[in-house]
Amino acid sequence: MTTESMEPVGVLVERGINTTNPPLTSHEDTAATFTIGTILSIMCFVGVSGNIYTLVVMCHSMRTAASMYIYIINLALADLLYLLTIPFVVCTHFLQVWYFGDAGCRILISMDFLTMHASIFTLTIMSTERYFAVLKPLDTVKRSKSYRKAIALLVWAASLILTLPMMVRVQLKTVGNKVMCQSTLSPVSYKVYLSCLFCTSIVAPGLIIGYLYIQLARTYWVSQTETFKTTKKLPNQKVLYLIFTIVLLFWACFLPFWIWQLLTQFHTSMSLSSKVKRNINYLTTCLTYSNSCINPFLYTLLTKNYKEYMRKHKRSWTAGSYFNRRTVCKT
1 MTTESMEPVG VLVERGINTT NPPLTSHEDT AATFTIGTIL SIMCFVGVSG NIYTLVVMCH
61 SMRTAASMYI YIINLALADL LYLLTIPFVV CTHFLQVWYF GDAGCRILIS MDFLTMHASI
121 FTLTIMSTER YFAVLKPLDT VKRSKSYRKA IALLVWAASL ILTLPMMVRV QLKTVGNKVM
181 CQSTLSPVSY KVYLSCLFCT SIVAPGLIIG YLYIQLARTY WVSQTETFKT TKKLPNQKVL
241 YLIFTIVLLF WACFLPFWIW QLLTQFHTSM SLSSKVKRNI NYLTTCLTYS NSCINPFLYT
301 LLTKNYKEYM RKHKRSWTAG SYFNRRTVCK T
């Protein structure tokens, strides 16, 4: 696996096959390597610390708190696993050779896509549950921790299935006097596979989440007039907003990455200099890792607001149940 551009490990594999740009000067390459290596190392330290803290707090709180914390644990675990690939990316970029064996090749290469899908699938489920919590609150309350644990396991199973082709179709190859980790997928097969992953990680979840939040917005809009007239106060929406913020952050960090990967695959004749391509690679890489670095702070806010939400709505369950009862009374 050549490492002309420092990208998430899963994409470095294909870069090793298709990269034909001329090398940069030694001075430029050293400066760029040091800069991106320093930035990613800081992200790794901050992100790993934050996600470990989140996992410890959530695992402790889950014994007595709401079962939605299971999903937050899922997100933090996915972020932690993704951030733990940074040392291998940096090491491979500096040394220009793969030192982590065949098992490391298969595990690390597939980790990008595994954690990416685990995160967005979990966010889709959380958005779905918030949707039903507003429209059908009693059904949501009946769902146990065991139910949510089963859903979390299904999320990881589905993510693993989507990652299997990459895990299976990579192997160690000797190129010159260096051992490289390269994909054995043909260029056409890789394009098809990458397109499928784009649909499963961005397009499909985006359509589902978009539909859910449009419906929720309509529900709040319809209920706003009646509720505000009688109580002068709208239902607490902080939990909903925070989940949506996490979703938006995911898209903001990963969409540029996907756009760039698809462009490089389907428009190979782009007349960009190696320096421009390198800078784009660095930018999209930092964006993807920054998502997992920032998320722990949002998880903390989500946890705090979810506790307040559950205390305020302990008897009425959710704002949605309040609207439903008002409707029943009127009829």
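Quick note: the sequence shown, position 24, residue 24 per full-length UniProt numbering, numbers continuous.
Glycine included, C-beta positions come from ideal geometry on N, C-alpha and C.
This structure is a prediction, so every number in the text was calculated from the model and none was measured.
Exercise. Name the DSSP beta bridge partners of residue 215, please?
Worked result: Residue mapping note: residue 215 aligns to position 215 of the sequence shown, counting from 1. Paired residues: none, contrary to the question.
Problem set entry | Helix, strand or coil at residue 332 according to DSSP, with G and I counted as helix | Residue coverage of the chain in this structure runs from 1 to 331, which leaves residue 332 outside it and unanswerable.
For this session: Sort 241, 98, 115 by Cα distance to residue 175 and report the nearest one.
Result: Counted from its first residue, the sequence shown places residue 175 at position 175. Checked all of 241, 98, 115; the closest Cα to residue 175 is 98.
Exercise. Are there three or more Cβ pairs, one per stretch, closer than 8 Å when the stretch 191 to 206 is compared with the stretch 214 to 225?
Worked result: no
Problem set entry | Buried versus exposed, by CB contacts within 10 Å (16 or more), residue 329 | The count along the sequence shown starts at 1 and reaches residue 329 at position 329. Residue confidence for residue 329 is low, a pLDDT of 46 falling below 50, so the modelled location carries little weight; the figure read from the coordinates is stated next. Flag for residue 329 reads exposed.
Exercise. Sorted by chain position, which residues of the same chain lie with C-beta nearer than 7 Å to residue 90's C-beta, five sequence neighbours on each side aside?
Worked result: Position 90 of the sequence shown, counted from the first residue, corresponds to residue 90. Taken in chain order, the residues that qualify are 37, 40, 41.
For this session: Give the secondary structure of residue 172 by DSSP, where H, G and I count as helix, E and B as strand, and everything else as coil.
Result: Position 172 of the sequence shown holds residue 172. Note: residue 172 maps to strand in three-state DSSP.
Problem set entry | For residue 68, the three-state DSSP class (helix, strand or coil) | As a position in the sequence shown, residue 68 is number 68, starting the count at 1. Coil at residue 68, not helix or strand.
Exercise. If you check the beta carbons only, do residue 146 and residue 114 fall under 8 Å apart?
Worked result: Against the sequence shown, residue 146 aligns to sequence position 146. Against the sequence shown, residue 114 aligns to sequence position 114. Not a contact, by the Cβ cut-off of 8 Å.
For this session: Taking only runs that begin and end inside the stretch 95 to 165, name each unbroken beta strand (DSSP E) of 3 or more residues, in chain order.
Result: none
Problem set entry | As assigned by DSSP and simplified to three states, the class of residue 270 | The residue given as residue 270 occupies position 270 in the sequence shown. Residue state, collapsed to three classes: coil.
Exercise. Would residue 87 be called buried (16 or more neighbouring beta carbons within 10 Å of its own) or exposed?
Worked result: Start at 1 with the first residue of the sequence shown, and residue 87 comes out as number 87. With fewer than 16 other Cβ atoms within 10 Å, it is exposed.
For this session: Give the DSSP bridge partners of residue 183, in chain order.
Result: Within the sequence shown, numbered from 1, the residue matching residue 183 stands at position 183. Note: residue 183 sits in a beta bridge opposite 170.
Problem set entry | Selected residue, minimal CA-CA separation from residue 192, among 171, 283, 162 | Along the sequence shown, read from residue 1 onward, the residue named residue 192 stands at position 192. Per the Cα distances, 162.
Problem set entry | Whole-angstrom C-beta distance between residue 106 and residue 170, which should lie under 8 Å | Your numbering for residue 170 matches position 170 in the sequence shown. Your numbering for residue 106 matches position 106 in the sequence shown. Sure, about 6 Å apart at Cβ, within 8 Å.
For this session: Ignore the nearest five residues each way along the sequence and tell me which others in residue 299's own chain have a CB closer than 7 Å to its CB.
Result: For the purposes of this step, residue 299 is taken as the residue at position 299 of the sequence shown. Correct list, in chain order: 54, 72, 75, 76.
For this session: Alpha carbon to alpha carbon, how far is residue 253 from residue 116? Give it in angstroms, no decimals.
Result: Position 116 of the sequence shown holds residue 116. Position 253 of the sequence shown holds residue 253. So the two alpha carbons sit approximately 11 Å from each other.
For this session: Enumerate in chain order the residues of its own chain whose CB-to-CB distance from residue 265 is below 7 Å, with the five nearest sequence positions on each side excluded.
Result: Taking the sequence shown and counting its residues from 1, the one referred to as residue 265 is at position 265. Only 191, 194 meet the Cβ criterion.
Exercise. Does the beta-carbon distance from residue 48 to residue 80 come in below 8 Å?
Worked result: Reading the sequence shown from its first residue, position 48 is the one you call residue 48. Reading the sequence shown from its first residue, position 80 is the one you call residue 80. Their beta carbons are under 8 Å apart, which means residue 48 touches residue 80 by this criterion.
For this session: With DSSP as the reference, please indicate the residues paired to residue 238 in a beta bridge.
Result: Position 238 of the sequence shown, counted from the start, is the residue given in the question as residue 238. Answer by DSSP bridge pairing: none, since residue 238 is not bridged.
Problem set entry | Which listed residue (302, 288, 181) has its alpha carbon closest to that of residue 101 | As a working mapping, residue 101 is identified with position 101 in the sequence shown. It is 181 whose Cα lies nearest to the Cα of residue 101.
Exercise. Whose C-alpha, out of 188, 256, 293, is nearest the C-alpha of residue 283?
Worked result: The residue given as residue 283 occupies position 283 in the sequence shown. The residue with the shortest Cα to Cα distance from residue 283 is 256.
Exercise. Can you name, in chain order, every residue of its own chain whose Cβ lies under 7 Å from the Cβ of residue 185, other than the five neighbours on each side?
Worked result: On the sequence shown, residue 185 is found 185 positions in, with the first residue counted as 1. If we look at residue 185 and ignore the five residues flanking it on each side, its Cβ neighbours are 169, 193.
Exercise. Does any CB atom of chain B fall closer than 8 Å to the CB of residue 267?
Worked result: Included in the structure is just one protein chain, with no chain B present.
Exercise. How many whole angstroms separate the CB atoms of residue 280 and residue 258, which I take to be in contact at a CB cut-off of 8 Å?
Worked result: Residue 280 sits at position 280 when you count from the first residue of the sequence shown. Residue 258 sits at position 258 when you count from the first residue of the sequence shown. Rounded, the Cβ-Cβ distance is 13 Å, inconsistent with contact.
For this session: Report the option in 32, 172, 122 whose CA atom is closest to the CA atom of residue 150.
Result: Walking along the sequence shown from the start, residue 150 turns up at place 150. Considering only alpha carbons, the answer is 122.
Problem set entry | Outcome for residue 78 when other beta-carbon atoms lying within 10 angstroms are tallied against a minimum of 16 | Numbered from 1 along the sequence shown, position 78 holds the residue referred to as residue 78. With 16 or more other Cβ atoms within 10 Å, it is buried.
For this session: Whole angstroms is fine: what's the gap from residue 245's alpha carbon to residue 294's?
Result: Reading the sequence shown from its first residue, position 245 is the one you call residue 245. Reading the sequence shown from its first residue, position 294 is the one you call residue 294. Near 11 Å, if we compare the C-alpha coordinates of residue 294 and residue 245.
Exercise. Near residue 332, what residues of its chain come up, given a Cβ to Cβ distance below 7 Å and the 5 sequence neighbours on each side ignored?
Worked result: Here the chain comprises residues numbered 1 to 331, so residue 332 is not present and cannot be evaluated.
For this session: Ignore the nearest five residues each way along the sequence and tell me which others in residue 35's own chain have a CB closer than 7 Å to its CB.
Result: For the purposes of this step, residue 35 is taken as the residue at position 35 of the sequence shown. There are no such residues.
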